[in-house]
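Trainee: Line order of the protein sequences matches chains U and B.
Using our numbering, count along the first sequence one by one with no gaps and you end on 226.
Using our numbering, count along the second sequence one by one with no gaps and you end on 1081.
For every residue, glycine included, the Cβ atom is placed at its ideal position computed from N, Cα and C.
Before I ask anything, here is the structure I am working with.
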Amino acid sequence: MVRVAVLRFPGTNCDLEMAWAVERAGAEAEFVWHEDGGLAEYDAVIIPGGFTYGDYVRAGAIAARSPIMEEVREFAEEGRPVLGVCNGMQILAEAGLIPGTLTVNRGNRFICDWVHLRVERADTPFTGRYREGEVLRIPIAHAEGRYYAEDPDRVEDRVVFRFCGPNGEVDDRYNPNGSVRGITGVVNREGNVLGMMPHPERAAHRLQGSEDGLRLFQSLVEWCRG
Amino acid sequence: MVTVEVRVSLKPKALDPEGETVKRALHRLGYEEVSDVRTAKVYRIELDVDDEEEAVELVDEMCRRLLANPVVEDYEIEVVE
C-alpha cells in the first residue's frame, strides 16, 4: 500500500482533512511530527496548510528552516513526490524547493472563497488524472497567497495551476489575490515538488461542494504505485 | 553585549497592501496630506559578542538566512547600543 507522510508543525491545522483525502484516494496516511523525521520509508510527503509558528517573520519562514526540511529536500532530490498546500506551499517557497515567493494578498485581506483553476500541466505526479486546460473548482483560504516571481517568464513552464474564470479565462477579474499571471501552483524543475495555494483536500467529496481535488490525490497514489 | 536593530521593509516598487490600507484609514481620519504609507518590521536583537563589527556581520547573515526575503524585501542594520 502506498504510504504518505503528512507533516505536522506547531500551527499546522489542515492535517486531518489532508490525511482523509489521501485515504479516500486509496493510500495510507501517517502524521509525522517535524521533530521526529523518518521520511525515508514513505512514498510521498505532504505539507498541509495552517499557520506554522504563527506566520511569524513571513508565512512559512520558520518552518522552512527547521531540520526536517533537510530531510524533505533529500526526499525530493531522490525524485519522490512532495506536495505543499497553502502554508505548505509557503514553506516550500521559503525553503527554495519551488521557484518564486508568496506575499500579502492584493487588498490586504484574508480570502476564503471558491475559485476556478486551470490545469496547465498534466504531466506531473499530482496531475496525471487531469487534462491540460481543464477547469477545476477548488477553494482558497489565505492572507499571504499572492504569488510573485521576479521574472515570470522564467517560471512559465513550471506553472501547474492558474486562477481563471468558469470557462478557463485567465483575466484579472478572476485573480483573487493579485498573483502574477494568476499563478497559484508551481513545480520545481524536475516536476516532483508541487506547491499550490488552493486546497484540494477541501474539494475531495461532493458533500464538500466539489470533488475536483480528489483526482490530485488519486494521481499521486497512482504515480507512487508506478 | 551589542544590541542591533534590523529594519526589514518591502522593496520600493513592491506592492505594500498593509501600507495602502493604513493610508486609506488615515485619509478617513482626515489626514488628506498623507500621500504614501510604507510598512516595515523592526527586530531588536541582543548579541553576546563584544565586537560591533562581528555583531553586524552575524545579523547580516541572519537577515540573509531568515529575517528578510531578498526577492521582495530590503533590510538595514543599525547598532543601537
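By the three-class DSSP mapping on this structure, what secondary structure does residue 158 of chain U have?
Mentor: Helix, per DSSP.
Trainee: Within 10 angstroms of its Cβ, does residue 1070 of chain B collect 16 or more other Cβ (buried), or is it exposed?
Mentor: Answer is exposed; the Cβ neighbour count stays below 16.
Trainee: Out of curiosity, what's the CA-to-CA distance linking residue 10 of chain U and residue 54 of chain U?
Mentor: One C-alpha to the other measures close to 8 Å.
Trainee: Compare the beta carbon distance of residue 163 of chain U and residue 145 of chain U with 8 Å and say whether it is the shorter of the two.
Mentor: Taking 8 Å as the Cβ cut-off, residue 163 of chain U and residue 145 of chain U do not qualify as a contacting pair.
Trainee: Applying the 10 Å Cβ sphere with the 16-neighbour rule, what's the burial state of residue 1080 of chain B?
Mentor: Residue 1080 of chain B comes out exposed.
Trainee: Determine which residues of the stretch 1004-1034 of chain B have a Cβ less than 7 Å from any Cβ of chain U, and write them out in chain order.
Mentor: Here the close residues are 1015, 1017, 1018, 1020 and 1021.
Trainee: Just confirm the distance between the C-beta atoms of residue 202 of chain U and residue 23 of chain U, as a whole number of angstroms; I'd bet it's less than 8 Å.
Mentor: Rounded, the Cβ-Cβ distance is 15 Å, inconsistent with contact.
Trainee: With 8 Å set as the bound, which would you pick, yes or no: does the beta-carbon of residue 58 of chain U sit closer than that to a beta-carbon of chain B?
Mentor: Residue 58 of chain U counts as touching chain B.
Trainee: Exposed or buried, residue 1012 of chain B, counting other C-beta atoms within 10 Å across all chains shown (16 or more means buried)?
Mentor: Label assigned to residue 1012 of chain B: exposed.
Trainee: Consult DSSP for residue 66 of chain U and reduce its assignment to one of helix, strand or coil.
Mentor: The answer is coil: DSSP assigns residue 66 of chain U none of H, G, I, E or B.
Trainee: Have a look at residue 31 of chain U and residue 1040 of chain B and give me their C-alpha separation to the nearest angstrom.
Mentor: The alpha-carbon atoms of residue 31 of chain U and residue 1040 of chain B are separated by roughly 37 Å.
Trainee: Note down, one range per segment and in chain order, each beta strand (DSSP E) of at least 3 residues found wholly within the stretch 101-152 of chain U.
Mentor: Qualifying beta strand (DSSP E) stretches, in chain order: 101-103, 111-119, 135-142 and 146-148.
Trainee: When you compare the CB positions of residue 1007 of chain B and residue 1042 of chain B, do they come within less than 8 Å of one another, or not?
Mentor: Taking 8 Å as the Cβ cut-off, residue 1007 of chain B and residue 1042 of chain B qualify as a contacting pair.
Trainee: Can you give the beta carbon distance from residue 44 of chain U to residue 216 of chain U, rounded, assuming they're within the 8 Å contact cut?
Mentor: With 8 Å as the limit, residue 44 of chain U and residue 216 of chain U do not qualify as a contact, their Cβ atoms being about 12 Å apart.
Trainee: Distance check for residue 1073 of chain B and residue 106 of chain U, CA to CA, integer angstroms please.
Mentor: Spanning the two alpha carbons is a distance of roughly 16 Å.
Trainee: What is the rounded straight-line gap between the Cα of residue 120 of chain U and the Cα of residue 161 of chain U?
Mentor: Distance between the alpha carbons of residue 120 of chain U and residue 161 of chain U is about 6 Å.
Trainee: With a threshold of 16 other CB atoms inside 10 Å of the CB of residue 1031 of chain B, please say whether the residue is buried or exposed.
Mentor: When all chains shown are included, residue 1031 of chain B counts as exposed.
Trainee: Which residue marks the beginning of the alpha helix (DSSP H) containing residue 196 of chain U, and which one marks its end?
Mentor: Premise fails: residue 196 of chain U lies in the beta strand (DSSP E), 193-196, not in any alpha helix (DSSP H).
Trainee: Under three-state DSSP, which class holds residue 217 of chain U?
Mentor: It is helical.
Trainee: Going by beta carbon distance, what residues of the same chain come within less than 6 Å of residue 213 of chain U, once the five residues before and after it are set aside?
Mentor: Hits under 6 Å: 138, 200, 203 and 204.
Trainee: Considering only the alpha carbon of each residue, which of U/88, U/186 and U/226 lies closest to residue 157 of chain U?
Mentor: Taking only the C-alpha atoms, the option nearest residue 157 of chain U is U/186.
Trainee: Can you name, in chain order, every residue of its own chain whose Cβ lies under 6 Å from the Cβ of residue 191 of chain U, other than the five neighbours on each side?
Mentor: Only 124 meet the Cβ criterion.
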